Amino acid sequence: MKLGLRLPQRSGTDLQHDLVEAARTAEAAGYASLWTYERLLFPDTPADPYSGLPGLAWPETQRQAADPLAVLTAAAVVTERVRLGTAVLIAPLHTPVQLAKALATIDQISGGRVVAGLGTGWSTDEFRATGATAADRGRFLDETLDVFDAAWGPDPVSVRGPRVVVDNAAILPKPVSRIPVMLGGGGSAIGRGSKAVHRIARRADGWLPFLSRTGPAGAADLRASWERIREMASGYGRDTSRMEMVVVGNVTFTDRPAGPDRTPFVGTLDQIMDDVHTAAEAGADELIVDLNLQDWFTSTPQMLETAVEIRERATTA
747 MKLGLRLPQR SGTDLQHDLV EAARTAEAAG YASLWTYERL LFPDTPADPY
797 SGLPGLAWPE TQRQAADPLA VLTAAAVVTE RVRLGTAVLI APLHTPVQLA
847 KALATIDQIS GGRVVAGLGT GWSTDEFRAT GATAADRGRF LDETLDVFDA
897 AWGPDPVSVR GPRVVVDNAA ILPKPVSRIP VMLGGGGSAI GRGSKAVHRI
947 ARRADGWLPF LSRTGPAGAA DLRASWERIR EMASGYGRDT SRMEMVVVGN
997 VTFTDRPAGP DRTPFVGTLD QIMDDVHTAA EAGADELIVD LNLQDWFTST
1047 PQMLETAVEI RERATTA
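The sequence shown begins at 747 in the working numbering and counts up one residue at a time.
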(Lines of atoms letter the chains of each structure in order from A and count residues from 1; the text may use other names and numbers.)
(Lines give C-alpha, C1' and ligand atoms only; values in the text may rest on other atoms or scores of the structure.)
Protein backbone atom coordinates (compact mmCIF):
# COMPACT_ATOMS: atom_id res chain seq x y z
CA MET A 1 0.00 0.00 0.00
CA LYS A 2 1.29 3.42 -0.97
CA LEU A 3 1.07 6.48 1.29
CA GLY A 4 -0.06 9.97 0.34
CA LEU A 5 0.11 13.16 2.39
CA ARG A 6 -2.37 16.00 2.58
CA LEU A 7 -0.61 19.31 2.14
CA PRO A 8 -0.87 21.97 4.88
CA GLN A 9 -3.77 24.36 4.22
CA ARG A 10 -4.94 25.00 7.77
CA SER A 11 -4.76 27.97 10.08
CA GLY A 12 -1.19 28.80 11.03
CA THR A 13 0.26 27.69 7.69
CA ASP A 14 2.78 30.04 6.10
CA LEU A 15 1.53 29.65 2.57
CA GLN A 16 4.54 31.33 1.02
CA HIS A 17 7.04 28.85 2.46
CA ASP A 18 5.29 25.87 4.08
CA LEU A 19 3.66 24.50 0.93
CA VAL A 20 6.97 24.24 -0.92
CA GLU A 21 8.72 22.70 2.10
CA ALA A 22 5.92 20.17 2.62
CA ALA A 23 5.73 19.12 -1.03
CA ARG A 24 9.49 18.68 -1.38
CA THR A 25 9.88 16.92 1.98
CA ALA A 26 7.06 14.48 1.28
CA GLU A 27 8.38 13.56 -2.15
CA ALA A 28 11.91 13.08 -0.78
CA ALA A 29 10.57 10.90 2.05
CA GLY A 30 8.92 8.56 -0.43
CA TYR A 31 5.30 9.63 -0.28
CA ALA A 32 3.58 8.60 -3.50
CA SER A 33 1.10 11.46 -3.67
CA LEU A 34 0.10 14.86 -2.31
CA TRP A 35 -3.52 15.83 -1.69
CA THR A 36 -5.62 18.89 -0.91
CA TYR A 37 -9.09 19.30 0.59
CA GLU A 38 -11.79 21.93 0.24
CA ARG A 39 -13.40 24.12 2.90
CA LEU A 40 -14.90 27.25 1.37
CA LEU A 41 -15.77 29.17 4.54
CA PHE A 42 -16.07 28.86 8.31
CA PRO A 43 -19.42 30.13 9.67
CA ASP A 44 -19.60 31.48 13.22
CA THR A 45 -22.97 29.76 13.66
CA PRO A 46 -23.04 26.84 11.21
CA ALA A 47 -26.33 25.64 9.81
CA ASP A 48 -25.02 22.06 10.04
CA PRO A 49 -22.71 20.20 12.41
CA TYR A 50 -19.36 19.18 10.98
CA SER A 51 -19.72 16.51 8.28
CA GLY A 52 -23.43 16.45 9.11
CA LEU A 53 -22.74 14.44 12.29
CA PRO A 54 -24.97 15.55 15.21
CA GLY A 55 -23.15 17.48 17.92
CA LEU A 56 -19.80 17.61 16.10
CA ALA A 57 -18.21 21.08 16.07
CA TRP A 58 -16.30 22.41 13.08
CA PRO A 59 -12.53 22.02 13.70
CA GLU A 60 -10.98 25.38 14.49
CA THR A 61 -7.99 24.44 12.33
CA GLN A 62 -10.29 24.73 9.31
CA ARG A 63 -11.00 28.41 9.94
CA GLN A 64 -8.46 28.78 7.16
CA ALA A 65 -8.43 26.20 4.39
CA ALA A 66 -6.37 27.58 1.54
CA ASP A 67 -7.76 27.12 -1.98
CA PRO A 68 -7.13 23.49 -2.97
CA LEU A 69 -6.32 24.11 -6.64
CA ALA A 70 -3.90 26.95 -5.91
CA VAL A 71 -2.13 24.75 -3.34
CA LEU A 72 -1.98 21.86 -5.81
CA THR A 73 -0.48 24.15 -8.46
CA ALA A 74 2.28 25.23 -6.07
CA ALA A 75 3.05 21.56 -5.35
CA ALA A 76 3.09 20.76 -9.08
CA VAL A 77 5.81 23.31 -9.72
CA VAL A 78 8.23 22.05 -7.05
CA THR A 79 7.79 18.26 -7.43
CA GLU A 80 8.55 15.80 -10.21
CA ARG A 81 7.11 12.36 -9.40
CA VAL A 82 4.26 12.41 -6.87
CA ARG A 83 0.66 12.26 -7.95
CA LEU A 84 -1.36 15.39 -7.14
CA GLY A 85 -4.92 14.84 -5.96
CA THR A 86 -7.94 16.51 -4.43
CA ALA A 87 -9.73 14.69 -1.63
CA VAL A 88 -12.16 16.12 -2.16
CA LEU A 89 -13.37 19.03 -4.26
CA ILE A 90 -17.03 19.78 -3.54
CA ALA A 91 -18.47 19.61 -7.04
CA PRO A 92 -21.67 21.66 -6.48
CA LEU A 93 -19.58 24.68 -5.39
CA HIS A 94 -17.86 24.93 -8.79
CA THR A 95 -18.85 25.85 -12.32
CA PRO A 96 -18.13 22.56 -14.12
CA VAL A 97 -16.43 23.97 -17.23
CA GLN A 98 -14.13 26.21 -15.19
CA LEU A 99 -13.25 23.29 -12.90
CA ALA A 100 -12.49 21.04 -15.88
CA LYS A 101 -10.24 23.71 -17.36
CA ALA A 102 -8.42 24.35 -14.06
CA LEU A 103 -7.69 20.65 -13.50
CA ALA A 104 -6.50 20.21 -17.09
CA THR A 105 -4.19 23.20 -16.69
CA ILE A 106 -2.63 21.80 -13.49
CA ASP A 107 -2.28 18.44 -15.22
CA GLN A 108 -0.29 20.12 -18.00
CA ILE A 109 1.86 22.02 -15.49
CA SER A 110 2.63 18.81 -13.59
CA GLY A 111 3.27 16.66 -16.65
CA GLY A 112 0.15 14.53 -16.19
CA ARG A 113 0.06 13.80 -12.45
CA VAL A 114 -3.41 15.05 -11.42
CA VAL A 115 -6.11 12.94 -9.75
CA ALA A 116 -9.54 14.59 -9.40
CA GLY A 117 -11.32 13.54 -6.21
CA LEU A 118 -14.88 14.85 -5.97
CA GLY A 119 -17.74 14.79 -3.50
CA THR A 120 -21.23 16.19 -3.09
CA GLY A 121 -20.55 18.19 0.10
CA TRP A 122 -22.76 18.60 3.15
CA SER A 123 -22.54 22.23 4.36
CA THR A 124 -25.67 24.34 3.84
CA ASP A 125 -23.58 27.47 4.45
CA GLU A 126 -21.22 26.61 1.59
CA PHE A 127 -24.07 25.75 -0.76
CA ARG A 128 -25.76 29.07 -0.04
CA ALA A 129 -22.51 30.98 -0.64
CA THR A 130 -22.25 29.63 -4.19
CA GLY A 131 -25.92 29.48 -5.16
CA ALA A 132 -26.08 25.67 -4.94
CA THR A 133 -28.61 23.67 -2.95
CA ALA A 134 -28.29 20.49 -0.93
CA ALA A 135 -31.24 18.98 -2.80
CA ASP A 136 -29.42 19.30 -6.14
CA ARG A 137 -25.94 18.28 -5.04
CA GLY A 138 -26.03 14.78 -6.53
CA ARG A 139 -27.39 16.10 -9.81
CA PHE A 140 -24.67 18.78 -9.92
CA LEU A 141 -21.97 16.16 -9.31
CA ASP A 142 -23.31 14.05 -12.19
CA GLU A 143 -23.31 17.13 -14.42
CA THR A 144 -19.69 17.86 -13.46
CA LEU A 145 -18.70 14.33 -14.48
CA ASP A 146 -20.51 14.80 -17.81
CA VAL A 147 -18.65 18.06 -18.42
CA PHE A 148 -15.29 16.44 -17.58
CA ASP A 149 -15.95 13.70 -20.13
CA ALA A 150 -16.79 16.27 -22.79
CA ALA A 151 -14.25 19.01 -22.00
CA TRP A 152 -11.32 16.59 -21.73
CA GLY A 153 -12.28 14.93 -24.99
CA PRO A 154 -11.78 16.14 -28.56
CA ASP A 155 -12.88 19.57 -29.77
CA PRO A 156 -15.37 20.86 -30.65
CA VAL A 157 -17.10 20.24 -27.30
CA SER A 158 -20.88 20.10 -26.94
CA VAL A 159 -22.58 19.34 -23.63
CA ARG A 160 -25.88 20.31 -22.05
CA GLY A 161 -26.93 19.96 -18.41
CA PRO A 162 -28.91 21.64 -15.63
CA ARG A 163 -26.44 24.56 -15.41
CA VAL A 164 -24.19 24.14 -18.45
CA VAL A 165 -24.70 24.64 -22.16
CA VAL A 166 -21.67 24.35 -24.48
CA ASP A 167 -22.35 24.21 -28.22
CA ASN A 168 -19.44 23.30 -30.53
CA ALA A 169 -16.64 25.10 -28.70
CA ALA A 170 -12.93 24.52 -28.17
CA ILE A 171 -12.00 24.02 -24.50
CA LEU A 172 -8.24 24.05 -24.00
CA PRO A 173 -5.84 23.01 -22.63
CA LYS A 174 -6.59 19.31 -22.58
CA PRO A 175 -5.08 17.09 -19.88
CA VAL A 176 -1.86 15.24 -20.72
CA SER A 177 -4.02 12.10 -20.68
CA ARG A 178 -7.38 11.32 -19.16
CA ILE A 179 -7.40 12.54 -15.54
CA PRO A 180 -8.52 9.79 -13.11
CA VAL A 181 -11.71 10.81 -11.29
CA MET A 182 -12.30 9.41 -7.81
CA LEU A 183 -15.41 9.88 -5.69
CA GLY A 184 -15.85 10.17 -1.94
CA GLY A 185 -18.66 8.16 -0.49
CA GLY A 186 -18.65 7.96 3.28
CA GLY A 187 -17.33 5.30 5.60
CA SER A 188 -16.37 1.67 5.25
CA ALA A 189 -19.79 0.05 5.39
CA ILE A 190 -21.97 1.57 2.67
CA GLY A 191 -25.01 -0.31 1.41
CA ARG A 192 -25.62 -1.73 -2.04
CA GLY A 193 -28.60 0.59 -2.53
CA SER A 194 -26.64 3.76 -1.84
CA LYS A 195 -26.63 6.32 -4.65
CA ALA A 196 -22.95 6.91 -3.88
CA VAL A 197 -22.16 3.23 -4.49
CA HIS A 198 -23.91 3.22 -7.85
CA ARG A 199 -22.20 6.45 -8.94
CA ILE A 200 -18.75 5.14 -7.98
CA ALA A 201 -19.35 1.80 -9.70
CA ARG A 202 -20.78 3.37 -12.84
CA ARG A 203 -18.59 6.43 -13.33
CA ALA A 204 -15.52 6.66 -11.09
CA ASP A 205 -11.94 5.46 -11.42
CA GLY A 206 -11.82 4.91 -7.68
CA TRP A 207 -13.25 5.41 -4.21
CA LEU A 208 -12.10 7.71 -1.38
CA PRO A 209 -13.58 6.19 1.81
CA PHE A 210 -12.95 6.61 5.52
CA LEU A 211 -12.46 3.73 7.92
CA SER A 212 -15.59 3.30 10.04
CA ARG A 213 -14.07 0.94 12.62
CA THR A 214 -10.61 -0.05 13.80
CA GLY A 215 -8.98 -3.45 13.63
CA PRO A 216 -10.14 -6.60 11.78
CA ALA A 217 -13.79 -5.54 11.81
CA GLY A 218 -12.97 -2.26 10.11
CA ALA A 219 -10.84 -4.02 7.52
CA ALA A 220 -13.65 -6.50 6.83
CA ASP A 221 -16.22 -3.73 6.40
CA LEU A 222 -14.02 -1.81 4.00
CA ARG A 223 -13.02 -4.86 1.99
CA ALA A 224 -16.66 -5.96 1.63
CA SER A 225 -17.78 -2.52 0.46
CA TRP A 226 -14.95 -2.31 -2.08
CA GLU A 227 -15.74 -5.78 -3.41
CA ARG A 228 -19.39 -4.73 -3.74
CA ILE A 229 -18.45 -1.62 -5.71
CA ARG A 230 -16.20 -3.57 -8.06
CA GLU A 231 -18.84 -6.26 -8.55
CA MET A 232 -21.34 -3.57 -9.54
CA ALA A 233 -18.77 -1.89 -11.79
CA SER A 234 -18.23 -5.20 -13.59
CA GLY A 235 -21.97 -5.34 -14.12
CA TYR A 236 -21.73 -2.00 -15.89
CA GLY A 237 -19.10 -3.51 -18.18
CA ARG A 238 -16.18 -1.64 -16.64
CA ASP A 239 -12.56 -2.78 -16.23
CA THR A 240 -12.23 -2.96 -12.44
CA SER A 241 -8.50 -3.69 -12.59
CA ARG A 242 -7.98 0.02 -13.22
CA MET A 243 -10.05 1.15 -10.22
CA GLU A 244 -8.37 2.23 -6.98
CA MET A 245 -9.40 2.46 -3.34
CA VAL A 246 -7.61 5.33 -1.59
CA VAL A 247 -8.48 5.54 2.11
CA VAL A 248 -8.53 8.93 3.85
CA GLY A 249 -7.01 8.96 7.35
CA ASN A 250 -7.77 12.14 9.33
CA VAL A 251 -5.20 11.86 12.11
CA THR A 252 -5.70 13.19 15.64
CA PHE A 253 -3.07 12.33 18.26
CA THR A 254 -3.90 11.83 21.93
CA ASP A 255 -1.60 11.93 24.97
CA ARG A 256 -2.76 8.49 26.13
CA PRO A 257 -3.93 5.43 24.23
CA ALA A 258 -7.56 5.83 23.16
CA GLY A 259 -10.08 3.22 24.27
CA PRO A 260 -11.25 0.16 22.34
CA ASP A 261 -14.16 2.06 20.77
CA ARG A 262 -11.95 4.84 19.45
CA THR A 263 -12.48 6.49 16.10
CA PRO A 264 -10.00 5.28 13.46
CA PHE A 265 -6.87 7.43 13.21
CA VAL A 266 -7.46 8.90 16.66
CA GLY A 267 -4.97 7.87 19.33
CA THR A 268 -1.25 7.50 19.94
CA LEU A 269 1.24 7.09 17.12
CA ASP A 270 1.25 3.32 17.71
CA GLN A 271 -2.53 3.25 17.36
CA ILE A 272 -2.36 5.37 14.20
CA MET A 273 0.09 2.84 12.76
CA ASP A 274 -2.35 0.05 13.63
CA ASP A 275 -4.94 1.87 11.51
CA VAL A 276 -2.45 2.19 8.67
CA HIS A 277 -2.10 -1.60 8.76
CA THR A 278 -5.90 -2.00 8.91
CA ALA A 279 -6.25 0.01 5.70
CA ALA A 280 -3.61 -2.18 4.04
CA GLU A 281 -5.33 -5.36 5.21
CA ALA A 282 -8.59 -4.09 3.72
CA GLY A 283 -6.96 -3.94 0.31
CA ALA A 284 -6.42 -0.20 0.02
CA ASP A 285 -4.18 0.81 -2.85
CA GLU A 286 -3.17 3.97 -1.02
CA LEU A 287 -3.74 5.81 2.26
CA ILE A 288 -3.88 9.58 2.59
CA VAL A 289 -2.30 10.76 5.86
CA ASP A 290 -4.05 13.99 6.85
CA LEU A 291 -2.50 15.99 9.69
CA ASN A 292 -4.43 19.22 9.01
CA LEU A 293 -7.03 18.64 11.74
CA GLN A 294 -4.36 18.12 14.38
CA ASP A 295 -4.06 20.79 17.11
CA TRP A 296 -0.95 18.95 18.32
CA PHE A 297 1.39 20.70 15.91
CA THR A 298 2.64 24.25 16.35
CA SER A 299 4.44 24.44 13.00
CA THR A 300 4.60 22.80 9.60
CA PRO A 301 8.18 21.51 10.16
CA GLN A 302 6.94 19.73 13.29
CA MET A 303 4.06 18.24 11.30
CA LEU A 304 6.45 17.08 8.60
CA GLU A 305 8.70 15.35 11.14
CA THR A 306 5.72 13.21 12.14
CA ALA A 307 4.73 12.63 8.51
CA VAL A 308 8.23 11.36 7.75
CA GLU A 309 8.16 9.12 10.84
CA ILE A 310 4.83 7.61 9.76
CA ARG A 311 6.24 6.93 6.32
CA GLU A 312 9.38 5.30 7.76
CA ARG A 313 7.43 3.12 10.20
CA ALA A 314 5.02 2.02 7.48
CA THR A 315 7.95 1.05 5.26
CA THR A 316 9.77 -0.98 7.91
CA ALA A 317 6.71 -2.72 9.37
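Using N, Cα and C, we set each Cβ at its ideal position, and we do this for glycine too.
Keep in mind it's a predicted model, so treat the numbers as computed, not measured.
Fewer than three Cβ pairs drawn from the region 814-829 and the region 870-881 lie within less than 8 angstroms of each other, which leaves the two stretches out of contact.
Of H840, V1022, H1023, T998, the smallest CA-CA separation from W1042 is found for T998.
By DSSP's assignment, A915 forms a beta bridge with V903.
Shown here, V910 sits in coil according to DSSP, grouped into three states, outside any helix or strand. Beta bridge pairing from DSSP links M928 with G863, G952. In terms of Cβ geometry, M978 and V943 form a close pair [threshold 8 angstroms]. K920 carries a coil assignment under DSSP once its states are collapsed to helix, strand and coil.
Distance from the Cα of A875 is smallest, within the candidate group G1029, V994, A793, for A793.
In terms of Cα proximity to E1055, the closest of G776, R770, R883 is G776.
Note on S923: under 16 other CB atoms within 10 angstroms of its CB, so exposed under the neighbour-count rule. Around the beta carbon of E773, 16 or more other beta carbons lie within 10 angstroms, which makes this residue buried.
A straight-line Cα-Cα distance of about 42 angstroms links P842 and A1004. At least 8 angstroms separates the beta-carbon of V828 from that of L765. For E1032, the beta-bridge partners assigned by DSSP are K748, V992. D1021 sits buried, since 16 or more C-beta atoms from the chains shown fall within 10 Å of its C-beta. Of the residues assessed, K920 falls on the buried side of the cut-off, its CB having 16 or more other CB atoms within 10 angstroms. Inside the region 956-986, DSSP marks whole alpha helix (DSSP H) runs of 4 or more residues at positions 961-981, from first to last along the chain.
Put simply, of T1061, A1060, L1037, R1057 the residue whose alpha carbon is nearest the alpha carbon of Q755 is L1037. The continuous alpha helix (DSSP H) containing R1057 extends over residues 1046-1062. Cβ-Cβ separation between M991 and A950: approximately 11 angstroms, too far for a contact (criterion under 8 angstroms).
Here L780 carries a strand assignment [DSSP, helix/strand/coil].
Shortest Cα-Cα distance from L753 to any of A1060, T1062, A1053, T1061 involves A1053.
With distances taken between CA atoms, I917 lies nearest to A848 out of P814, E767, L787, A848.
Closest in alpha carbon position to T851, among L1050, G884, I925, is I925.
Inclusion of G865 and I836 in the CB contact set at 8 angstroms is warranted, their separation being smaller than that value.
By the C-beta density criterion, S971 is buried, having at least 16 other C-beta atoms within 10 angstroms.
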